[in-house]
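Protein chains in written order, with the numbering used here: chain A, 255 to 679; chain B, 255 to 679.
Here a beta-carbon is modelled for each residue, glycine too, at the ideal position from N, C-alpha and C.
Report on one structure; see the data block that follows.
Number of protein chains: 2
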Amino acid sequence: MHIHTASKSQLEAWSTELEADYADISQRGLKLDLTRGKPSAIQLDLANALDSDLGGDYRAPDGTDVRNYGGLDGLPDMKALGASMLEMPSENVLVGGNSSLTLMYQTIAFAWQLGVGESGTPWSQEPAVKFLCPVPGYDRHFAITQAFGIEMIPVPMTDDGPDMDVIECLVADDHAIKGIWCVPKYANPTGCIYSADTVSRMAKLGAVAADNFRILWDNAYAVHDLDEFQPLTSIFTHCERYGTQDSVIQFTSTSKVTFAGAGVAFMGASAANLNGFKQQLGLATIGPDKVNQLRHLRLIPDRSSLLQHMAQHAALLRPKFAAVLDALEAAFADSDLAEWTSPQGGYFVSFNSRPGLAREIVRLSGEAGGVLTPAGATYPGGLDEKDRNIRLAPSFPTQADIEVAMAVFVVCVKLASVRQALAAA
Amino acid sequence: MHIHTASKSQLEAWSTELEADYADISQRGLKLDLTRGKPSAIQLDLANALDSDLGGDYRAPDGTDVRNYGGLDGLPDMKALGASMLEMPSENVLVGGNSSLTLMYQTIAFAWQLGVGESGTPWSQEPAVKFLCPVPGYDRHFAITQAFGIEMIPVPMTDDGPDMDVIECLVADDHAIKGIWCVPKYANPTGCIYSADTVSRMAKLGAVAADNFRILWDNAYAVHDLDEFQPLTSIFTHCERYGTQDSVIQFTSTSKVTFAGAGVAFMGASAANLNGFKQQLGLATIGPDKVNQLRHLRLIPDRSSLLQHMAQHAALLRPKFAAVLDALEAAFADSDLAEWTSPQGGYFVSFNSRPGLAREIVRLSGEAGGVLTPAGATYPGGLDEKDRNIRLAPSFPTQADIEVAMAVFVVCVKLASVRQALAAA
Chain A
255 MHIHTASKSQ LEAWSTELEA DYADISQRGL KLDLTRGKPS AIQLDLANAL
305 DSDLGGDYRA PDGTDVRNYG GLDGLPDMKA LGASMLEMPS ENVLVGGNSS
355 LTLMYQTIAF AWQLGVGESG TPWSQEPAVK FLCPVPGYDR HFAITQAFGI
405 EMIPVPMTDD GPDMDVIECL VADDHAIKGI WCVPKYANPT GCIYSADTVS
455 RMAKLGAVAA DNFRILWDNA YAVHDLDEFQ PLTSIFTHCE RYGTQDSVIQ
505 FTSTSKVTFA GAGVAFMGAS AANLNGFKQQ LGLATIGPDK VNQLRHLRLI
555 PDRSSLLQHM AQHAALLRPK FAAVLDALEA AFADSDLAEW TSPQGGYFVS
605 FNSRPGLARE IVRLSGEAGG VLTPAGATYP GGLDEKDRNI RLAPSFPTQA
655 DIEVAMAVFV VCVKLASVRQ ALAAA
Chain B
255 MHIHTASKSQ LEAWSTELEA DYADISQRGL KLDLTRGKPS AIQLDLANAL
305 DSDLGGDYRA PDGTDVRNYG GLDGLPDMKA LGASMLEMPS ENVLVGGNSS
355 LTLMYQTIAF AWQLGVGESG TPWSQEPAVK FLCPVPGYDR HFAITQAFGI
405 EMIPVPMTDD GPDMDVIECL VADDHAIKGI WCVPKYANPT GCIYSADTVS
455 RMAKLGAVAA DNFRILWDNA YAVHDLDEFQ PLTSIFTHCE RYGTQDSVIQ
505 FTSTSKVTFA GAGVAFMGAS AANLNGFKQQ LGLATIGPDK VNQLRHLRLI
555 PDRSSLLQHM AQHAALLRPK FAAVLDALEA AFADSDLAEW TSPQGGYFVS
605 FNSRPGLARE IVRLSGEAGG VLTPAGATYP GGLDEKDRNI RLAPSFPTQA
655 DIEVAMAVFV VCVKLASVRQ ALAAA
């Protein structure tokens, strides 16, 4: 289907067919959901042994009684596991609670109130605070910066990560820019892995950016490969080389390794950043849940068992991603209606329609019982100027449901495209 | 021993004896600790069944898969358990993570940034922000207010709770006062229970205080009786009567019910307060650890089992409190050296020496191997102007260790008192 070159009569023929298809689908009372990046129940089952793994033995290898208060940093072995995910030394890692998003929120909240690191100017005392937001990106990142009234500057994504030419100019010119959101491996939603060159250039930003500029490096999908493990260049190693260790703060978690709502989050940063953070964190908590850390260590004691565990996730996710990509390929490979990403891991497929159609496609699909992530969600403030990006999340539904949801989606994309072309014809 | 009326030669005789006792104690290489209010290992053992209680069944009674994301409020049955502790309706309760201190910190942080409730002025935009701090009180409360640069005004405690005459005058006169810290049952450290009259007058403060004034009601020891259950008048019920529901925010947790570092925290507040809080909390987390909530519900499904569980704690704590109180009684009942509280629950005994001696007693005891909570810790900024309050925490050490630690303590109190009297003689 090539809309651009189609005749009006061809468009009308398509329209008749698609309106009938859509009417047919809409009558089926479907209830399908491709919205959020949640693991499915069978993925969660992989970690069911977390309950009872302790066998009543609540002592960590170092003798700590994990049931009691204390241990702001986390258990040493858990720090080591996080360090293996973030590819930085254990002593630079802090183990949090059940949510890396909370660590990110706290990073910004503490920076706002007290400054970053051990002595930076609080962001709240700056005349202006801006953040770079690679787009499309993760709505929850944008929601945090928005809540603090931080101005968000969209930066385009490429297949190698955010456009570094743009970023280098911006951070050097404008020292009101205090941070950038990054999902460096299997970026949410495009699924790209930042290239070695992108990571290296990111690591150099600290040399030209404002002193209290921080890269928030949300490595949520560090070990979430669909097939072979794909390496990500270590930003911290590069920062050490350039002397910019304070410019980057890393995050990851086991939310999509063990239990989404009951996993363990990690933060990795320079000693100065970590000390500043812990000073405030120590006021706000009696320490993380070390029992859950120990539970995790019994199930996943090291990186090798972590990767084995993730291979089981991959086996469950591969056919679901294939169902999405096969449907897109079959419908749109020979068309000018769409482009999409084919990630090797992570949780999303990023889909672009013809301009001006994303909201309409999401509406059509939703009304036919196929709920999609709201169009625009992948842009700061929900504003996708070209109105074309839709995030597809295949992890939660069954493969059968994905196939039906994609059949609905395909009809909606085609119908919206043909309607638009007819209106302009 | 009556210092005030003792002759110089009597003082000198005591001094000779006590210096010898102290020298003797100091040589023993003791390592004792009466500092923090931590449950002992045998108390924590009472909840060991938390591990494996699920039996691999991760469904809450309402069908929720507790392993996945979501559920900002917490599981309905867990809200009900918290509601029974806070004595307010379930729908007014939010279930947090492992730390009620975090909920308190967040309450202040959100109030600072966005205001309290649904529309109050952010505290950060007020010309001045002050907090009332009943003293002696809890150092971690004071540390939070201090971190936000909030001016702390000490208010004296009585056996019925904070001095309400003072408080009523202050909050009506000075609308820069935005809050007060309260531990209404078994106050930390005096152990008093706020009287019905105190609670009723607290509930009325909202009518005369600033609009964005909040009582932070940290009911940490709601069910932590050493013997019979002692009732605390429900502040929320009184607030409903006076139309001041927005003026109080309640907190409690299972930290000293199940596992200190891996319990479940609760917050209880009016719909307006809760909605405002949840709006910001929803940005900062993917939801609380519902698996741990379900685990808790399997062990402690309702208030009746909660009270049965707490009776086991009481049986373990009673002899430890008795060891402290017996030692104080034996040494100081017939003296002018000290006064102390005899709480019916909670985690502390509050001890007052003669003025100007607390720091010296803590130093002497520490050097003899008996570590005590730093003198002054129970006052805002660590400043006990009369230098006399010491918080004794008997829960963590063994009874045998408490007996030795108290023997050391008694010698240190007497020695410091005699030295002071001799210096003045």
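For the beta strand (DSSP E) assignment, the uninterrupted runs of no fewer than 3 residues enclosed by the region 568-622 of chain A are, from N- to C-terminal side, 592-594, 603-607.
For L348 (chain B), not one C-beta of chain A is nearer than 7 Å to its own C-beta. Out of B:Q534, B:Y448, B:F364, B:T444, the CA that lies nearest to the CA of N606 (chain B) is found in B:T444. Judged by beta-carbon spacing, V603 (chain B) lies within the 7 Å limit of V578 (chain B), meaning their Cβ atoms are closer than that value.
Between I398 (chain B) and chain A, the shortest Cβ-Cβ separation is below 7 Å. DSSP, read as helix, strand or coil, puts C493 (chain A) in helix. Annotation for Q484 (chain A): no beta strand (DSSP E) segment contains it, and DSSP assigns it neither H nor E.
Looking at B:N466, B:A295, B:K262, the one whose alpha-carbon comes closest to that of A514 (chain B) is B:A295. In this structure, the straight-line span from the alpha carbon of K510 (chain B) to that of A654 (chain B) is close to 22 Å. Every alpha helix (DSSP H) stretch that sits fully inside the region 348-407 of chain B and reaches 4 residues is listed by chain position as 354-368, 393-401. A distance of 7 Å or more separates the beta carbons of D287 (chain B) and V665 (chain B). About 16 Å separates the beta carbon of L355 (chain A) from that of G522 (chain A), a gap too long to meet the 8 Å contact definition.
When CB distances to chain A are screened at a threshold of 8 Å, the residues of the region 530-546 of chain B falling below it are Q534, L537, A538, T539, I540, G541, P542, D543, K544, V545, N546, in chain order. For L286 (chain A), the three-state secondary structure derived from DSSP is strand.
For G433 (chain A), the enclosing beta strand (DSSP E) starts and ends at 431-436.
In this structure, D331 (chain B) lies near L551 (chain B), with their beta-carbon atoms less than 7 Å apart. Neighbours of G599 (chain B) across chain A, judged by C-beta separation under 9 Å, do not exist; the nearest C-beta is about 19 Å away. In the structure shown, the three-state DSSP call for L340 (chain B) is helix. Distances from the CA of D641 (chain A) to each of A:L348, A:V502, A:A629 were compared; the closest alpha carbon is that of A:A629.
Under the three-pair Cβ rule at 8 Å, the region 564-574 of chain B does not count as touching the region 343-350 of chain B. If you check each beta-carbon in the region 330-362 of chain B against every beta-carbon of chain A, the ones closer than 8 Å belong to G351, N352, S353, L355, T356, Y359, Q360. Between K292 (chain A) and chain B, the shortest Cβ-Cβ separation is below 7 Å.
Within chain A, no residue has its CB atom less than 7 Å from the CB of F520 (chain B), the nearest being about 15 Å off. Within chain B, D319 have C-beta atoms less than 7 Å from the C-beta of A295 (chain A), given in sequence order. For A523 (chain A), there is no enclosing alpha helix (DSSP H), as DSSP gives it neither H nor E. Annotation: V320 (chain A) is outside any alpha helix (DSSP H) and is labelled neither H nor E by DSSP. Between the region 464-480 of chain B and the region 311-322 of chain B there are fewer than three inter-stretch CB-CB distances shorter than 8 Å, so the stretches are not counted as touching.
Distance from the CA atom of L535 (chain B) to the CA atom of S524 (chain B), rounded to whole angstroms, is 16 Å. Note on geometry: alpha-carbon atoms of K384 (chain B) and V667 (chain B) lie some 35 Å from one another. For N302 (chain B), no alpha helix (DSSP H) segment is defined, and its DSSP state is neither H nor E.
Distance from the CA atom of A576 (chain B) to the CA atom of Y392 (chain B), rounded to whole angstroms, is 23 Å. Secondary structure note for D655 (chain B): its alpha helix (DSSP H) is the uninterrupted segment 653-678. L676 (chain A) sits close to L265 (chain A), with the two beta carbons spaced by under 7 Å. Per DSSP, the continuous alpha helix (DSSP H) segment holding I421 (chain A) begins and ends at 418-427. With a cutoff of 7 Å on beta-carbon distance, A314 (chain B) and L329 (chain B) are scored as near each other. Proximity of F513 (chain A) to chain B, defined by a Cβ-Cβ separation below 7 Å, is satisfied.
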